[in-house]
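**Q** Numbering (my numbering), first residue to last: 157 to 221. Ideal Cβ positions, reconstructed from N, Cα and C, are used throughout, including at glycine.
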Amino acid sequence: MAATGVGASLAGYALFHEPLHVRLDHLTVRLPNAAGRLPAAGLRILHLSDSHFQGTDWREQAKIE
Numbered sequence: 157m158a159a160t161g162v163g164a165s166l167a168g169y170a171l172f173h174e175p176l177h178v179r180l181d182h183l184t185v186r187l188p189n190a191a192g193r194l195p196a197a198g199l200r201i202l203h204l205s206d207s208h209f210q211g212t213d214w215r216e217q218a219k220i221e
């Protein structure tokens with residue numbers, strides 16, 4: 157009985173919470189030894205994951221909004 161409850165909870169999490177969870181992090185990385193070798197304004201690096209994202213179902217549309 158408890159295993160059924162745990163399984164249902166995990167399925168609910170996987171279907172309804174995790175697909176809508178979007179994380180955006182802004183990090184500042186100091187590179188003291190790179191002075192003079194990088195642009196004065198610094199660099200902006202973008203890292204994207206989950207490249208299979210298509211934006212076609214309601215969950216993916218919610219991420220865009």
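Whole angstroms are fine: how far does the CA of Ala-191 sit from the CA of Ala-197?
**A** On the sequence shown, residue 197 is found 41 positions in, with the first residue counted as 1. On the sequence shown, residue 191 is found 35 positions in, with the first residue counted as 1. For Ala-197 and Ala-191, the distance between alpha carbons rounds to 12 Å.
**Q** Looking at Leu-187: is its Cβ nearer than 8 Å to the Cβ of Leu-194?
**A** In the sequence shown, the residue the question calls residue 187 occupies position 31. In the sequence shown, the residue the question calls residue 194 occupies position 38. Yes, the Cβ-Cβ distance between Leu-187 and Leu-194 is below 8 Å.
**Q** To the nearest angstrom, how far is the alpha carbon of Asp-213 from that of His-177?
**A** For the purposes of this step, residue 213 is taken as the residue at position 57 of the sequence shown. For the purposes of this step, residue 177 is taken as the residue at position 21 of the sequence shown. Cα-Cα distance, rounded: 15 Å.
**Q** Any idea what DSSP makes of Gly-198, helix, strand or coil?
**A** Residue mapping note: residue 198 aligns to position 42 of the sequence shown, counting from 1. The answer is coil: DSSP assigns Gly-198 none of H, G, I, E or B.
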